[in-house]
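Asker: Protein chains in written order, with my numbering: chain V, -2 to 223; chain R, 10 to 325.
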Amino acid sequence: MIRFEQVSKRYPGNANALETLSFALAPAEMAFVTGHSGAGKSTLLKLIGLLERPSQGAVTVAGRNLAQVRRRGIAQHRRMVGMVFQDHHLLLDRSVQANVELPLVVAGVPAEERAKRARAAMEKVGLGGMEQRLPVRLSTGEQQRVGIARAIVARPAVLLADEPTGNLDPQLAVEIMGLFAEFQSIGTTVLVATHDLFLIKRIRKRVLVLDHGRLVDDVSATEVAA
Amino acid sequence: MNARGQAASRRGAPARWWRAHRWALGQSLLRLRERPLGTALTVAVMGLALALPLSFYLVQVNLDRFGQVLGAQQALNVFLKQDQTQAQATALARTLRADPAVATVTLRSPAAGLSELAALQGFGPALAALPDNPLPWVLVLRPRATAALAAVSTLATQLRGNSAVALVQDQGPFRARLDALTDFGRRVMQVLGALLALAAVLVVGASVRSDIQSRADEIHVLQLVGASAAFVRRPYLYAGLGLGLLSGVAAVILVLMLEVALAAPAAQLDASWGGRLGFAALSVTPLLVLLACAAMLGWLGARIASARHLAAGEPN
Ligand SMILES: Nc1ncnc2c1ncn2[C@@H]1O[C@H](COP(=O)(O)OP(=O)(O)OP(=O)(O)O)[C@@H](O)[C@H]1O
Ligand SMILES: [Mg+2]
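#1: Cβ of residue 161/V less than 8 Å from any chain R Cβ?
#2: What does a CB cutoff of less than 8 Å around residue 3/V pick up in its chain, not counting 5 residues either side in sequence?
#3: Please return the same chain residues whose Cβ sits closer than 6 Å to the Cβ of residue 11/R, not counting the five positions on each side in sequence.
#4: Under 7 Å from any heavy atom of ligand 1, does the C-beta of residue 52/V make it?
#5: Beta-carbon of residue 102/V versus every beta-carbon of chain R: anything under 8 Å?
#6: What does the alpha-carbon distance come out to for the pair residue 107/V and residue 271/R?
#7: In the DSSP assignment, find the unbroken beta strand (DSSP E) run with residue 7/V in it and report its ends.
#8: Using a Cβ-Cβ cut-off of less than 8 Å, give me the residues of the region 230 to 260 of chain R that come near chain V, in sequence order.
#9: Does the distance between the C-beta of residue 38/V and the nearest non-hydrogen atom of ligand 2 fall short of 7 Å?
#10: Step through the CB atoms of chain R and report whether any lies within less than 8 Å of the CB of residue 75/V.
#11: Could one say the Cβ of residue 29/R lies closer than 8 Å to chain V's Cβ atoms, at least one of them?
#12: In chain order, what residues of the same chain lie with their CB nearer than 8 Å to the CB of residue 194/V, ignoring the 5 residues before and after it?
#13: Starting from the Cα of residue 200/V, find the closest Cα among 114/V, 38/V, 11/V, 29/V and give me that residue.
#14: Expressed to the nearest angstrom, what Euclidean distance is found between the alpha-carbon atoms of residue 172/V and residue 44/R?
#15: Grouping DSSP H, G and I as helix and E and B as strand, with all else coil, what is residue 65/V?
#16: Based on the DSSP output, what are the partners of residue 104/R in its beta bridges?
#17: Is there at least one non-hydrogen atom of ligand 1 closer than 7 Å to the beta-carbon of residue 223/R?
#18: Have a look at the DSSP bridge pairing and note the partners of residue 115/R.
#19: Shortest alpha-carbon distance to residue 261/R belongs to which of 65/R, 279/R, 237/R?
#20: Residue 126/R and residue 142/R - do their beta-carbons sit closer together than 8 Å?
#21: For residue 11/V, which three-state DSSP category applies?
#22: With a cut-off of 8 Å, do at least 3 Cβ pairs link the region 85 to 99 of chain V to the region 61 to 72 of chain V?
#23: Let me know the secondary structure DSSP gives residue 26/V once reduced to three states.
#24: Quick check on the burial criterion: 16 or more other C-beta atoms within 10 angstroms. Buried or exposed for residue 217/V?
#25: Taking only three categories from DSSP, how would you classify residue 14/R?
#26: Taking the runs of the beta strand (DSSP E) that are 3 residues or longer, which of them lie wholly in the region 127 to 158 of chain V?
#27: Sorted by chain position, which residues of the same chain lie with C-beta nearer than 8 Å to residue 214/V's C-beta, five sequence neighbours on each side aside?
#28: Got a sec, what are the start and stop residues for the beta strand (DSSP E) residue 215/V sits in?
#29: Taking its Cβ as the centre, do 16 or more other Cβ atoms sit within 10 Å of residue 247/R, making it buried, or is it exposed?
#30: Considering only residues of the same chain and omitting the five flanking positions on each side of residue 117/R, which have a CB-CB separation below 6 Å?
#31: Under a CB-based cut-off of 8 Å, is residue 69/V close to chain R?
#32: What are the residues of the region 13 to 39 of chain V that lie near chain R, defined by any Cβ-Cβ distance shorter than 9 Å?
#33: Mind checking residue 15/R: buried by the 16 CB within 10 Å criterion, or exposed?
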């Protein structure tokens, strides 16, 4: 579903954020990306969501080399990718529900169905009853969950989450990961960037370990227990 | 998107289109309402900018009418020599009627002239005392409204050269001056109109631009969740269209107020001309044209303002 071939990414004026990275994720596979701060986790996810383009190498998503996706195609591509951002990216002056509905608005889903699906998504991340609140009036963890609800509401083919549980208590973090695993079971490919080793041990999925932009380890789910 | 979703989205394309537009419309209204002062200011400035050409147009329409009224009065009075007989006068009239520049030729006999003079001046008895009628035959010649001024003056020159003609009275030069004046007025109106339309585009453009800038974060978020450039741009285009339309309405109201304010002096002027001027109010068509233009200019301003900014959705 997702394939990186010899991918490097260099930001102007920096050393390489990613170095000749190669790996592949099967459809409906779930994996973690971990590594120290600045290792390149966010960059890796941004390449998949077409927020950045690689300096070298090829990123393929759903059989499509992203280098061939130009202007118009970008929006379309992003609609099949749900993203939870490290810095939430919420509309602060819109209600929680309006934020969660946004991908559905963009996809042209009718209002009643939008509301129904948004409520279901909010329910799943434990935001039931907060539909009309403004994000500025929410705790950081609650804001993070608004972002998670928004990412899952359109049932994307690919779900990318960048530190989705950084501000959540361990119990809630595990619940959210369980939720992601559910998506895996309906065919969604899930990739989660985190440095929460406790969480990685609890959930037991494949783990990609980055160090200074290089893939230094690729641990299969069965090996994680050890 | 899964297979089921894709099938459903293909089926619902028109409905989806309509929903997207309705959403954009709602967003744009929200935007205009959110900044009532900015909206009011933009509408006021743009309304004024549009009211000016419309008032010029109103003046122009009436100047044209004025010219027509005066033009209708324009006639060549051809005084024949004293020795010309009725038969000769009739023959000349027949020739002149064949001229393409001529609409009508009226023949006035010396007798008719005399009685008219008598009635008009009130010294009938004195005239009646004359042994002979001193008046010649007169041909009153009205040019066609479509006839060029030059054709009419050529005709006058020809007639002056005619041995049967004593005198030709021609009001052409006055008409020429009036025409030149109205032409000048029309040109001024066109140039000012174009400049003011440009000003209107810039006013809306500036307003929409500041709106876009203050919403850069929101635009970014929309792009992140997969909104196309058209989708992101649409609320701003609608806002521009709405601003244009509101300004058009403001301009129409201003001009109608101007008409009301000018009604009394115009009626007075008209009365002094014996009611022949008949000032015209603006008809519905130019008002509708103005509204359409205003909306278009607003849309254009928004389009220009949004074009550059929204190209930034590209990844690096
Ligand atoms: N927009 C940018 N411009 C320049 N350099 C950048 C940019 N974004 C990231 N970098 C650099 O690229 C490297 C990888 O950054 P990245 O954000 O991918 O790390 P990360 O693993 O997500 O770190 P963290 O755990 O702190 O979120 C870092 O050295 C960072 O400084
Ligand atoms: Mg990061």
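Every residue gets a Cβ at the ideal spot worked out from N, C-alpha and C, and that includes glycine.
Answerer: Quick look at the numbers:
#1: Residue 161/V does not count as touching chain R.
#2: 17, 18, 19, 53, 54, 55.
#3: Confidence in residue 11/R is poor, its pLDDT being 46 and thus under 50, which makes the residue's placement unreliable; the coordinate value appears in the next sentence. Sequence-distant Cβ neighbours of residue 11/R in its own chain, meaning closer than 6 Å and more than five residues away, do not exist here.
#4: No, the Cβ of residue 52/V stays beyond 7 Å of every heavy atom of ligand 1.
#5: By the rule that beta-carbons nearer than 8 Å mark a contact, residue 102/V touches chain R.
#6: Spanning the two alpha carbons is a distance of roughly 53 Å.
#7: Here the beta strand (DSSP E) through residue 7/V covers -1 to 7.
#8: Result list: 230, 231, 232, 233, 234, 235, 236, 237, 238, 240.
#9: Residue 38/V: yes, Cβ under 7 Å from ligand 2.
#10: Chain R, which has a Cβ nearer than 8 Å to the Cβ of residue 75/V, makes this yes.
#11: For residue 29/R, the answer is yes, since a Cβ of chain V falls inside 8 Å of its Cβ.
#12: Apart from sequence neighbours up to five positions away, the residues of its chain that approach residue 194/V with a beta-carbon distance below 8 Å are 31, ordered along the chain.
#13: Residue 200/V has its Cα closest to that of 29/V, out of 114/V, 38/V, 11/V, 29/V.
#14: Spanning the alpha carbons of residue 172/V and residue 44/R requires a straight line of approximately 42 Å.
#15: Helix.
#16: In DSSP, residue 104/R forms no bridge with anything.
#17: It does not: the Cβ of residue 223/R is nowhere closer than 7 Å to a heavy atom of ligand 1.
#18: Per DSSP, 149/R.
#19: In this structure, 65/R is the residue among 65/R, 279/R, 237/R with its C-alpha nearest to the C-alpha of residue 261/R.
#20: Residue 142/R is not a Cβ neighbour of residue 126/R, given a cutoff of 8 Å.
#21: Residue 11/V: coil per DSSP, three-state reduction.
#22: By the Cβ rule, the region 85 to 99 of chain V does not count as touching the region 61 to 72 of chain V, because fewer than three pairs are nearer than 8 Å.
#23: The DSSP-derived three-state label of residue 26/V is coil.
#24: By the 10 Å Cβ count, residue 217/V comes out exposed.
#25: With a pLDDT of only 47 at residue 14/R, under 50, the local geometry of the prediction cannot be trusted, and the value read off the model is given with reservation. For residue 14/R, the three-state secondary structure derived from DSSP is helix.
#26: None, since the region 127 to 158 of chain V contains no complete beta strand (DSSP E) of that length.
#27: Excluding the 5 residues flanking it on each side, residue 214/V has same chain C-beta neighbours closer than 8 Å at 204, 205, 206, in chain order.
#28: Counting along the chain, residue 215/V sits inside the beta strand (DSSP E) bounded by residues 211 to 216.
#29: With 16 or more Cβ atoms within 10 Å of its Cβ, residue 247/R is classed as buried.
#30: Annotation for residue 117/R: 147 place their beta carbon closer than 6 Å to its own, counting only its chain and skipping 5 residues before and after.
#31: Yes, residue 69/V counts as interfacial toward chain R.
#32: Taking a C-beta cut-off of 9 Å against chain R, none of the residues of the region 13 to 39 of chain V qualify.
#33: For residue 15/R, the pLDDT reaches just 48, beneath the cut-off of 50, and the residue's location in the model is therefore unreliable, although a value from the coordinates is still provided. The residue in question, residue 15/R, is exposed, as its Cβ has fewer than 16 Cβ neighbours within 10 Å.
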